[in-house]
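Numbering (the UniProt record's numbering), first residue to last: 1 to 142.
Down below is the structure, laid out as structure tokens.
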């Protein structure tokens with residue numbers, strides 16, 4: 001999430017981890033110092049009944065809700081702009097790639113390995129575009 005949101009690796013962040021599963025909470029708590037060190041947290045909150053902090057982005061990984069509050073409106077605006085620019089670039093690339101993949105000449109003349117590679121790239125770009133759209137929706141709610 002940090003890299004997706006353009007948060008510098010050296011910047012300390014607040015991190016909230018929420019799970020309804022006691023065993024996962026215990027595991028998170030037992031490894032609190034490792035998590036705090038690896039993620040470079042300023043504040044690390046782990047619990048079962050944590051509300052999503054105002055102005056935060058979120059993700060769900062293995063039944064663990066992850067919340068990272070963004071600190072300022074300026075940060076939101078800058079991040080929104082960055083996400084929109086990345087999405088526009090990916091959508092342009094997707095449009096060109098899909099045009100190529102719809103071309104019967106390309107499919108017929110290109111080596112099958114190249115066609116497979118382009119299809120894989122198309123799938124990857126679609127996935128990335130989906131993530132960016134989700135992140136934009138998240139940031140629009142803030």
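Glycine is no exception: its CB is placed at the ideal position from the N, C-alpha and C atoms.
As the structure is a prediction and not an experimental result, all values here were calculated from the model.
message: Report the CB separation of residue 94 from residue 129 in whole angstroms; it is logged as a contact under 8 Å.
response: 6 Å
message: Please report the straight-line C-alpha distance between residue 47 and residue 10, rounded to a whole angstrom.
response: 25 Å
message: Rounding to the nearest angstrom, what Cα-Cα distance links residue 34 and residue 41 in this structure?
response: 10 Å
task: List the whole-angstrom C-beta distance separating residue 132 from residue 86, where the pair is believed to meet the contact cut-off of C-beta under 8 Å.
output: 6 Å
- request: Can you tell me which of the three DSSP states residue 18 falls into?
  value: strand
query: Apart from the five residues just before and just after residue 14, which ones in its own chain have a Cβ nearer than 6 Å to its Cβ?
result: 42, 43 and 69
query: Going by the beta-carbon positions, is the gap between residue 135 and residue 60 smaller than 8 Å?
result: no
message: Please report the distance separating the alpha-carbon of residue 64 from that of residue 12.
response: 21 Å
field: Selected residue, minimal CA-CA separation from residue 80, among 55, 104 and 45
entry: 55
query: Exposed or buried, residue 57, counting other C-beta atoms within 10 Å across all chains shown (16 or more means buried)?
result: buried
- prompt: By DSSP, does residue 7 sit in helix, in strand, or in coil?
  reply: coil
- prompt: Nearest-angstrom Cα distance between residue 38 and residue 30?
  reply: Residue 38 and residue 30: Cα-Cα distance of roughly 14 Å.
- request: Mark residue 114 as exposed unless 16 or more other C-beta atoms lie within 10 angstroms of its C-beta, in which case mark it buried.
  value: exposed
- prompt: Is residue 52 near residue 67, with beta carbons less than 8 Å apart?
  reply: yes
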